[in-house]
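Structure record follows, encoded as structure tokens.
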Amino acid sequence: MRELGDKKVVIISTNNFEDTELVYPYYRLIEAGADVEIAALEKGTICGKHGIEVAAELAIKELKADDFDAAIIPGGWAPDRLRVYKEVLDFVAEMNDKRKLIAAICHGPHVLISARVVKGRKVTAVRPLWDDLKNAGATVQDKAVVRDENIVTSRFPPDLPQFCKEIIRALSKT
Numbered sequence: 001m002r003e004l005g006d007k008k009v010v011i012i013s014t015n016n017f018e019d020t021e022l023v024y025p026y027y028r029l030i031e032a033g034a035d036v037e038i039a040a041l042e043k044g045t046i047c048g049k050h051g052i053e054v055a056a057e058l059a060i061k062e063l064k065a066d067d068f069d070a071a072i073i074p075g076g077w078a079p080d081r082l083r084v085y086k087e088v089l090d091f092v093a094e095m096n097d098k099r100k101l102i103a104a105i106c107h108g109p110h111v112l113i114s115a116r117v118v119k120g121r122k123v124t125a126v127r128p129l130w131d132d133l134k135n136a137g138a139t140v141q142d143k144a145v146v147r148d149e150n151i152v153t154s155r156f157p158p159d160l161p162q163f164c165k166e167i168i169r170a171l172s173k174t
């Protein structure tokens, strides 16, 4: 099935990402026909918490929202590091301003909080982020996947099938 043949997606991460939360969407979206690239703080190899290595073809500072239909932020420890970089937050905020799809799983919503895109939105995340999300003005729901307009969030690796289905569903309608 190649329903996303005209869509371009970027996965934003850095070292210590949750391996399955990057690799599963990467291959699932390629399987659906999307052009998927990985961006990190610098081009080169990044390594997951459990040892999976992936090539980041892009540096985050090179990203422009007009070039992508969606951005995905996997969890792990990487989002806590990414959330302090202005270029990451500016890109995510620009994607939101343009109503382009932003998807985050597990600790990925850390970046959404710091980019100030969750206020007034319904979201989910791994349980330890719930207070942070509420304090940022979001309404937290304990569901496998929550979509509020252009933002899709999920809690943890067991939610990956629903997370990817919702990303594909959302991109198929744009």
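Position 138 of the sequence shown, counting from 1, maps to 138 under the numbering used here, and the rest follow consecutively. Note that the Cβ used here is the ideal one computed from N, Cα and C, for glycine as well.
I'd like the span of the alpha helix (DSSP H) that includes residue i, first residue to last.
i	result
I113	P109 to S114
Can you give me the C-alpha to C-alpha distance between residue i and residue j, rounded to a whole angstrom?
i	j	result
E18	P25	12 Å
D69	V9	6 Å
I12	F163	16 Å
A34	F91	20 Å
P157	W77	14 Å
R169	E94	22 Å
R177	V146	Nothing about residue 177 can be read from this structure; the chain reaches only from 1 to 174.
G48	K173	32 Å
A40	I52	15 Å
K143	L171	21 Å
D132	P74	17 Å
V117	W130	15 Å
D148	V36	23 Å
In the DSSP assignment, find the unbroken beta strand (DSSP E) run with residue i in it and report its ends.
i	result
I72	A70 to I73
R81	R81 -> not in any beta strand (DSSP E); alpha helix (DSSP H) instead, spanning A78 to L82.
T174	Looking at the DSSP string, T174 is not in any beta strand (DSSP E), and its letter there is neither H nor E.
D35	D35 to A40
Note down, in chain order, each residue of its chain lying with its Cβ closer than 8 Å to the Cβ of residue i, except the 5 sequence neighbours on either side.
i	result
K119	A136, G137 and A138
N16	C47, G48, K49, G76, W77, A78 and R81
Skipping 5 residues on each side, what residues in its chain have a beta carbon closer than 6 Å to that of residue i?
i	result
A103	I72, V152 and I167
R83	H110, V111 and S114
G5	G33
K98	A65
Counting C-beta neighbours from all protein chains within 10 Å, is the total for residue i 16 or more, i.e. buried, or is it exposed?
i	result
H50	exposed
P161	exposed
D196	Any answer about residue 196 is impossible in this case: the structure gives the chain only from 1 up to 174.
G44	exposed
A125	buried
I38	buried
Who are the near neighbours of residue i in its chain, counting only those whose CB is closer than 7 Å to its CB and skipping five residues on each side?
i	result
T14	A40, L41, I46, A78, R81 and L82
At what residue ranges does the stretch 84 to 166 contain a whole run of the beta strand (DSSP E), taking only runs of 3 or more?
-> 101 to 105, 145 to 148 and 151 to 154
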